[in-house]
Ligand code: 5AD
Ligand code: SF4
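In the numbering used here, the protein residues as written are 1 to 472.
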C-alpha cells in the first residue's frame with residue numbers, strides 16, 4: 001500500500017514540474033512515507049529525521065515532510081521530536097501535498113493535514129480518509145508491465161495488535177467502474193499484470209444502488225476481459241472472507257492467478273481470541289482445505305506474529321505445527337510489537353521476553369524455510385510460465401551486451417531466475433525449472449521452437465493460455 005502511495009505522490013509532484021533526485025542532499029523537497037505496523041519502522045524514521053537536522057539547518061528553504069501512517073498516528077509529536085519537519089500528512093490527505101508545500105513556502109510555518117480520529121462520526125471520518133488515486137504515471141513504477149490498483153482502503157476488523165484501522169481509517173471500497181477504468185488505462189500503457197490491493201482485499205463490497213452488491217468475485221469477472229491484461233493477483237486476504245464465490249472466480253477466470261496470501265497470525269485458539277481474529281485454528285485449516293480442493297494447484301502464503309501477549313510455548317507449538325502441515329509457499333513472520341492506541345496494548349501485558357520472541361521467530365522461520373524448499377523442489381522438472389520483471393540483483397551487475405540473469409514470477413508467485421536478453425523484460429515466457437532453493441527457482445528459458453510445440457500440447461491449461469514468444 002505504501003509503495004503505491006509513494007508512486008502516486010511522486011507522480012502528482014512530477015505533474016507539478018518536480019523531478020526525482022538520486023541524492024537526498026540534492027532535493028528541494030524531502031518526503032518520508034512511513035509505516036506504523038511495528039515500532040522498528042518508526043524508530044528508523046525518527047533516526048533518519050535526526051540525521052537530516054543539520055542539512056535542514058544549513059538549507060532552511062528545503063521542505064521536509066513526514067507522510068503516511070506514522071504521520072497520522074504521531075501527529076504533533078513528530079514536530080516536537082523533529083522540529084525541523086515542515087509537513088505532517090496522513091494517509092488520507094496525500095492529495096493535498098502540492099498545496100501544503102506551497103503553504104510552507106508562503107508562510108514559513110509547519111503544515112499538518114490529518115484525517116479524523118475514529119471516535120468521530122463514521123461518515124465524517126470516512127470523508128476525511130479519501131482514497132488517493134490520481135492519474136497514474138507509468139514511469140514511477142519499478143516496471144511498466146506490473147501495477148498495483150487499490151480497490152478498498154482502510155480496515156474495520158480491529159485485530160487487537162494492529163494500528164491499521166486507526167491510521168488508514170474505515171473500510172471503504174472504490175466503485176467497480178472506477179477500478180475497471182484504471183485497469184483499462186494501465187493496460188493501454190502496456191501493463192500486463194495488475195495486483196489489486198486492500199488491507200482485507202476480499203472484504204471488497206460495493207453497493208451499486210440498484211439492488212446489486214459487487215463482491216471481489218464480481219469485480220474480478222468485471223475486469224477480467226480487459227484487453228492486454230494477462231494476470232490479475234490480489235492481496236491481502238482475511239480468512240473469514242475467503243468465500244466460495246471468490247474461490248470459484250479464482251478457479252474459473254484464467255487470468256486470475258492461483259496465488260492466495262491469507263495471514264493466519266497464530267494457530268492457537270486462545271491467542272486468536274485475544275487477537276480478535278474472529279476465527280479458530282480449525283476454521284483456518286478448513287478454509288485452507290477448501291482453497292486447495294476448489295482451486296487445484298493454488299499456492300498459499302501466510303503471516304504469523306510470534307510472542308503476542310500470553311503466548312506460551314504450547315501456543316507457539318500450535319503455530320509451528322500449522323507451518324509443518326499447511327504447505328505454505330512462504331510465510332512472513334513478525335515479533336509482536338505493542339502499538340499504543342490499539343486494544344491489545346491497552347488490555348494485555350507484553351509479557352513474552354524479547355529473547356523468547358527472537359527464538360520463536362527464528363524457529364518458525366527455520367521450519368517455514370524447510371517447507372518452502374520442499375514446495376520449490378516440487379517444481380523442479382516442470383515447465384512454468386514466467387512474466388519477466390527485469391535483471392535479477394546479479395543481472396544488474398553484469399554487462400548488458402550478452403545474456404544476463406533475469407528474474408520474474410510464475411502465476412503462483414514463485415520467483416524464477418534464468419539467463420536471457422535484457423530486452424525480454426515484460427515478456428511472458430516459459431522456463432524449464434532445473435534447480436530450487438527455499439526462495440527461488442532456477443531454470444532455462446524455453447526457445448521459440450519448444451514454445452511452438454507447447455502450444456499443441458495437451459498440458460496447455462487454462463492458466464497458460466497466453467504465452468508470448470520470447471525474443472531470443
Ligand atoms: N506487531 C507485529 N506484527 C504485526 N503485524 C501487524 N501488527 C503487528 C504488530 N503490532 C503483522 C501482521 C500483518 C502484517 C502486515 O504485519 O502479521 O499481517
Ligand atoms: Fe490489521 Fe487485522 Fe485489519 Fe489486517 S485485518 S489490517 S491485521 S486490523
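Quick reminder that beta carbons are idealized off the backbone N, C-alpha and C, glycines included.
Residues near residue i in its chain [Cβ-Cβ closer than 8 Å; skip 5 each side]
i	result
residue 144	138, 189, 190, 191 and 426
residue 3	148
residue 45	32, 34, 66 and 70
residue 25	55
Residue of the options minimising C-alpha distance to residue i
i	options	result
residue 27	222, 382, 55 and 405	55
residue 413	348, 331, 347 and 73	331
residue 163	178, 117, 195 and 380	117
residue 108	64, 115 and 185	64
residue 226	270, 268, 422 and 177	177
residue 91	105, 130, 59 and 58	130
residue 313	357, 59 and 290	357
residue 323	48, 228 and 263	263
residue 284	294, 299 and 268	268
residue 102	389, 325, 62 and 382	62
residue 261	286, 278, 243 and 235	235
residue 42	343, 339, 391 and 422	339
residue 345	388, 10, 23 and 38	38
residue 347	294, 353, 274 and 316	274
residue 243	25, 351 and 287	287
residue 303	211, 208 and 361	361
residue 18	212, 419, 140 and 369	140
residue 95	383, 5 and 104	5
residue 420	433, 80 and 402	402
residue 75	443, 434, 30 and 341	341
residue 135	16, 432 and 367	16
residue 209	175, 47 and 195	175
residue 315	296, 352 and 292	352
For residue j and residue i, believed in contact at Cβ under 8 Å, the rounded distance
i	j	result
residue 126	residue 172	6 Å
residue 545	residue 301	The structure shown has nothing for residue 545, since the chain only spans 1 to 472.
residue 377	residue 281	Wrong, their Cβ atoms sit about 27 Å apart, outside the cutoff.
residue 249	residue 222	At roughly 11 Å, the Cβ-Cβ gap does not stay under 8 Å, so residue 249 and residue 222 are not in contact.
residue 409	residue 389	7 Å
residue 363	residue 321	At roughly 12 Å, the Cβ-Cβ gap does not stay under 8 Å, so residue 363 and residue 321 are not in contact.
residue 392	residue 406	6 Å
residue 355	residue 310	Residue 355 to residue 310, Cβ: 17 Å. No contact.
residue 253	residue 289	Wrong, their Cβ atoms sit about 22 Å apart, outside the cutoff.
residue 404	residue 422	6 Å
Contact set for residue i: own chain, Cβ-Cβ below 6 Å, skip 5 residues either direction
i	result
residue 373	438
residue 88	66, 71, 78 and 112
residue 336	305, 307 and 308
residue 276	159 and 160
residue 167	36, 69, 72 and 73
residue 199	155 and 164
residue 272	266
residue 375	329
residue 466	Because residue 466 carries a pLDDT of 30, less than 50, the predicted location of this residue cannot be relied on, and the following value inherits that uncertainty. Closer than 6 Å at Cβ, skipping near neighbours: 230.
residue 502	There is no way to answer for residue 502, as the model of the chain reaches only from 1 to 472.
residue 460	Only weak support exists for where residue 460 lies, its pLDDT of 33 falling under 50; the value from the coordinates is given anyway. Excluding positions up to five away in sequence, the list is empty.
residue 245	217
Residue i vs residue j beta-carbon contact at 8 Å
i	j	result
residue 150	residue 257	no
residue 154	residue 170	yes
residue 83	residue 12	no
residue 416	residue 396	no
residue 201	residue 220	no
residue 204	residue 237	no
residue 114	residue 93	yes
residue 197	residue 1	yes
residue 8	residue 132	yes
residue 49	residue 10	no
residue 251	residue 294	yes
residue 233	residue 193	yes
Beta-carbon contacts of residue i that lie in its chain and below 7 Å, excluding the five residues immediately before and after
i	result
residue 240	278 and 279
residue 14	137
residue 452	The predicted model places residue 452 with a pLDDT of 41, which falls under 50 and marks its position as unreliable; any figure quoted below should be read in that light. Nothing listed; no residue qualifies.
residue 100	87, 89, 111 and 113
(message) Going residue by residue through the segment 330 to 414, where are the continuous alpha helix (DSSP H) segments of at least 4 residues, counting only ones entirely within it?
(response) 343 to 347, 354 to 377 and 393 to 397
(request) Return the chain-ordered ranges of every alpha helix (DSSP H) run that is complete within the segment 37 to 90 and spans a minimum of 4 residues. (result) 39 to 58, 69 to 74 and 76 to 81
(request) Run through the segment 241 to 327 for me and flag every whole beta strand (DSSP E) of 3 or more residues, listed as ranges in chain order. (result) 259 to 261 and 299 to 306
(request) For the segment 194 to 235, list the beta strand (DSSP E) runs that are entirely contained and at least 3 residues long, ordered along the chain. (result) 205 to 207, 213 to 215 and 231 to 235
(request) Scan the segment 116 to 197 and note each continuous alpha helix (DSSP H) run of 4 residues or more that stays entirely inside, going in chain order. (result) 122 to 128, 164 to 168 and 176 to 188
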